[in-house]
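S.K.:
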Amino acid sequence: ETGVTQSPTHLIKTRGQQVTLRCSSQSGHNTVSWYQQALGQGPQFIFQYYREEENGRGNFPPRFSGLQFPNYSSELNVNALELDDSALYLCASSPGWGGTGELFFGEGSRLTVL
Amino acid sequence: AQRVTQPEKLLSVFKGAPVELKCNYSYSGSPELFWYVQYSRQRLQLLLRHISRESIKGFTADLNKGETSFHLKKPFAQEEDSAMYYCARTGTSYDKVIFGPGTSLSVIP
Chain A
5 ETGVTQSPTH LIKTRGQQVT LRCSSQSGHN TVSWYQQALG QGPQFIFQYY
55 REEENGRGNF PPRFSGLQFP NYSSELNVNA LELDDSALYL CASSPGWGGT
105 GELFFGEGSR LTVL
Chain B
-19 AQRVTQPEKL LSVFKGAPVE LKCNYSYSGS PELFWYVQYS RQRLQLLLRH
31 ISRESIKGFT ADLNKGETSF HLKKPFAQEE DSAMYYCART GTSYDKVIFG
81 PGTSLSVIP
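Protein sequence lines, in the order shown, are assigned to chains A and B. Under the working numbering, think of the first position of the first sequence as 5, with each following residue one higher. Under the working numbering, think of the first position of the second sequence as -19, with each following residue one higher.
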C-alpha cells in the first residue's frame, strides 16, 4: 500500500509568483485535504476535494485554488504569492464516505516566499 | 466557529511521571475527536480517536461533553513519547478536520 506522497519537498519563490504543489493520495482513498502549517502553529484547513469536486473550504482567499484528478491525485495552486504564504503545506487523504475520519498525511512541501 | 484550543505550547515531564495534555473544543454539532502526533522527522499521524475508545501506546483520552474537553493522558511517561501532539475535531463534514495549535511534549530522562 503506497502512502501519501507530495512534491516538491522544498521550494523557494518570490513575492507575486505562482506555485503548484502536488499530492498523490493513498491507494483506495478518494478524498484529499490540504492544510497550511505556519511555523509553531497547527495545520490550518485550506480545502478538501472529494471525487474531483471541492467539498469544503477554510478561510483562505481565492488565490488558493486546487484540482483533483480522476486518479484522485491533487494539486494546490497559489497565485500572487505573499510573504505570509511561507509555510509547510500538508496533503492528507482519506477514504471518504464510510471512513473513520482518520487522515493520512504526506510529509509536506515547504514553501519559502522571499 | 469550530475551534480547538490547547492551552500549553510546551509541556515537560520526567520519565515515569503522569502526563496530561489538555484540549478543549467549541461546541458545534456532534464532532468526532482525535489526537494526532508528530514524532521528530516523521509525518503527522493519528494517535487515537474518541469513537474507538482505545488505548494506544498507553495513552487514553476522555471526552467530557459538559466541559467540551478531550484531554490526553498517560500514567507513566516514556522518553519516546516526546513529540508534538495535536488535538483535532471534525467540522461540518466528517472528513474536514480542524486542528488545535499543538503541544510539544518533552519527557526528561
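Idealized CB from N, CA, C, for every residue including glycine.
If you check the beta carbons only, do residue 30/A and residue 109/A fall under 7 Å apart?
M.R.: No, these two residues do not count as a Cβ contact at 7 Å.
S.K.: For residue 51/B, which three-state DSSP category applies?
M.R.: strand
S.K.: Is there a Cβ from chain B that is less than 7 Å from the Cβ of residue 60/A?
M.R.: yes
S.K.: Could you tell me the distance, in whole angstroms, from the CA atom of residue 42/B to the CA atom of residue 49/B?
M.R.: 8 Å
S.K.: Just curious, the beta strand (DSSP E) that residue 67/B is in, first and last residue?
M.R.: Where residue 67/B is concerned, the enclosing beta strand (DSSP E) starts and stops at 63 to 70.
S.K.: Which residues in chain B sit within 7 Å of residue 47/A, going by Cβ to Cβ distance?
M.R.: 79
S.K.: Here's the rule I'm using: 16 or more other beta-carbon atoms within 10 Å means buried, otherwise exposed. How should residue 49/A be labelled?
M.R.: buried
S.K.: I believe residue 81/A touches residue 69/A by the beta-carbon criterion, under 8 Å. Please report the beta-carbon distance rounded to the nearest angstrom.
M.R.: Their Cβ separation, rounded to whole angstroms, is 5 Å, which keeps residue 81/A and residue 69/A in contact under 8 Å.
S.K.: Return the CA-CA distance between residue 3/B and residue -13/B, expressed in angstroms with no decimal places.
M.R.: 7 Å
S.K.: Does the Cβ of residue 13/A have 16 or more other Cβ atoms within 10 Å, making it buried, or fewer, making it exposed?
M.R.: Around the Cβ of residue 13/A, a 10 Å sphere holds fewer than 16 other Cβ atoms; the residue is exposed.
S.K.: Given a limit of 9 Å on CB to CB distance, which residues of the stretch 21 to 55 of chain B reach chain A?
M.R.: 22, 23, 24, 25, 26, 29, 31 and 32
S.K.: Apart from the five residues on each side of it in sequence, which residues of its chain come closer than 8 Å, Cβ to Cβ, to residue 67/A?
M.R.: 82, 83 and 84
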